[in-house]
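I have placed the structure first, in the form of structure tokens, so that the comments after it can refer back to it.
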Amino acid sequence: MKDRHLFLILLYFVNNGYAARWTETQANEWYEQQPWFIGTNFIPSTAINSLEMWQSETFDIETISRELSWAASLNMNLMRVYLHHLLWQQNADDFASRIDKFLQISSQNNIQIIFVLFDECHTPNPKLGLQPIPIPGVHNSGWVRDPGQEMLLDQTKWSVLQQYTADIITRFQNDTRIALWDLYNEPECSQQVPIVLPLLKLVYAAAISANPVQPLTVAPASSLSEELAQYEISISDVITFHNYAPLADTMRMVEQLKTFNRPLICTEYLARTAGSTIFTHIPYFYSNNIGSINWGLVSGKTQTIYPWFSPEGAPTPLIWFHDILHANGTPFSVYEVQFLKDLKPKRQNEIMLKY
């Protein structure tokens, strides 16, 4: 019954002029008009999670401006940024106003944005207000899910999530400062696929009802043979993916994804001690015209310089896991930064072989 209801919703949108999934031709023509994408998953160093980033009391314009200018100096032109429905639920207009201010800053730095609407990673029960302080040595100790476990399990509240999706995308449906909408980060992560998949279907229906000019995407975080991954691919105008493995594994994944004949953007990579590095991956992404979005720009409250399972109190790692810059703007690696500065992002047929 639920599947039939979703089918009727989607059929209504298509029959009334709303966009369904882009064709391969539409997606590839759109991508040809873009620069070669390079950037990071962005959160200011003063925020521990998306709530602290966006709440009015802690919305840190000064730090955001400074750190996006550093990104621009590294030839970066695309940032992936997490939103949170609780902020919309609290005051939709104020939240949208802060999003617009953020987009003004990113635009001033010639940076477009991928906004992420939902997320199944880390702390299960998000709450507005004062956010936790970082646990020393622990990777992403304060990151929060969206919608969170309580709301995920209560389908009577899902209509709020649909309204949030439709409203946010509608407000910015024609905004060229936004490159893509990433509907749900790693829905597989909480290992609740039978619950998450129906929610994702409703989120997708709400997203296409907003009729955005920007493409929609959801990156598969499981084997492409899995039902959820197949659905994620089936609704993605542009294929995004995450891969923190060494280059050989990344290349195998890309060969699978190329069969869908759509643009490819890697929206999460860079795990130096696991073999995923700027030096190994960017030349490959560059030469294959695959967008390149690593995890982390400036080391800060998220503490993602530590590896995923770093214990409390762990010493500062000699080799950072994620992130590129210290909070004062100095690089973890001067060689990485020089490599990034030497790239020519808009020339897609050239690769820097200097390194």
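Mapped onto mature numbering (1 follows the signal peptide of the UniProt record, and there is no 0), the consecutive letters of the sequence shown carry residue numbers -19 to -1, 1 to 336. Backbone N, C-alpha and C fix where the C-beta goes; we use that ideal spot for every residue, glycine too.
Among the options, nearest to residue i - alpha-carbon criterion
i    : options                   : result
T27  : F260, P115 and E5         : P115
Q93  : T311, I274 and L299       : I274
A255 : H303, W3 and T248         : H303
E213 : V119, R253, I45 and V174  : V174
L245 : L251, D230 and F222       : F222
S142 : F313, Y185 and N121       : For the sequence presented, residue 142 should be read as Leu rather than Ser. Ranking F313, Y185 and N121 by Cα distance to L142 puts Y185 first.
N192 : P227, T283, S171 and D156 : D156
D74  : E43, S37 and Q284         : S37
Q15  : N56, S122, S171 and A160  : A160
W11  : F313, S280, W289 and R243 : R243
P296 : Q71, V177, F260 and H120  : H120
N72  : N9, Y145, T137 and Q85    : Y145
L180 : T4, L205 and Y165         : Y165
E208 : P168, R47 and L68         : P168
T4   : I305, I220, E317 and L306 : I220
L205 : V177, S54 and V235        : V235
W289 : S203, L278, T261 and R253 : R253
F40  : V177, A52, P292 and I24   : I24
L68  : S54, I42 and L109         : L109
Y316 : T258, S46 and S280        : T258
S268 : D163, K325 and G294       : K325
A52  : S87, I29, I42 and E33     : S87
P113 : N309, E33, T137 and I19   : E33
T311 : I29, Q7 and L55           : L55
I19  : M57, E13 and L178         : M57
V177 : A210, P292 and Q70        : A210
Q85  : W162, R158 and L306       : R158
G281 : A308, Q70, P264 and G294  : A308
D163 : A188, T240 and T6         : A188
For residue i, the three-state DSSP class (helix, strand or coil)
i    : result
E293 : coil
F260 : helix
Q15  : coil
M132 : helix
Q93  : strand
P312 : strand
L306 : strand
V141 : helix
V174 : helix
V318 : helix
V279 : strand
K228 : According to the sequence shown, residue 228 is Leu rather than Lys. In the structure shown, L228 sits in a helix (DSSP, three-state: H, G or I).
A202 : coil
K325 : coil
P244 : coil
S190 : helix
Q70  : helix
V119 : coil
W301 : coil
Y287 : coil
M57  : coil
I45  : helix
I114 : coil
Residue i Cβ short of 6 angstroms to the ligand COA heavy atom set
i   : result
E33 : Questions concerning the ligand COA fall outside what the structure shown contains, since it holds no ligand whatsoever.
Assumed close pair residue i, residue j - CB separation to whole angstroms, cut-off 8 angstroms
i    : j    : result
G118 : Y225 : With 8 angstroms as the limit, G118 and Y225 do not qualify as a contact, their Cβ atoms being about 20 angstroms apart.
S31  : H65  : 5 angstroms
N270 : W17  : 6 angstroms
D218 : R2   : 6 angstroms
Q237 : S122 : Wrong, their Cβ atoms sit about 34 angstroms apart, outside the cutoff.
W301 : N22  : Between N22 and W301 the Cβ distance is about 15 angstroms, and since that is not below 8 angstroms, they are no contact.
L125 : Q154 : The residue asked about is misnamed: residue 125 is Val in this sequence, not Leu. Contact doesn't hold; Cβ gap of about 27 angstroms is too wide.
A202 : C170 : 6 angstroms
F320 : F266 : No, F320 and F266 are not in contact; Cβ-Cβ is about 13 angstroms, not under 8 angstroms.
E48  : V279 : 5 angstroms
N90  : S50  : 6 angstroms
Cross-strand partners of residue i (DSSP beta bridge)
i    : result
Y63  : V97
E249 : H223
I274 : G20
I159 : I94
T104 : V125
Y165 : F99
L197 : W162
Within-7 angstroms CB hit, residue i to chain D
i    : result
L197 : In summary, chain D is missing from the structure at hand, where a single protein chain is found.
Meets three-Cβ-pair contact criterion under 8 angstroms: the segment 190 to 205 and the segment 128 to 135:
no
At a cut of 8 angstroms, does the segment 91 to 109 reach the segment 54 to 62 through at least three beta carbon pairs?
yes
Counting pairs of beta carbons, one from the segment 99 to 109 and one from the segment 148 to 155, are three or more of them closer than 8 angstroms?
no
Would you call the segment 229 to 244 in contact with the segment 77 to 88, where contact means no fewer than 3 C-beta pairs closer than 8 angstroms?
no
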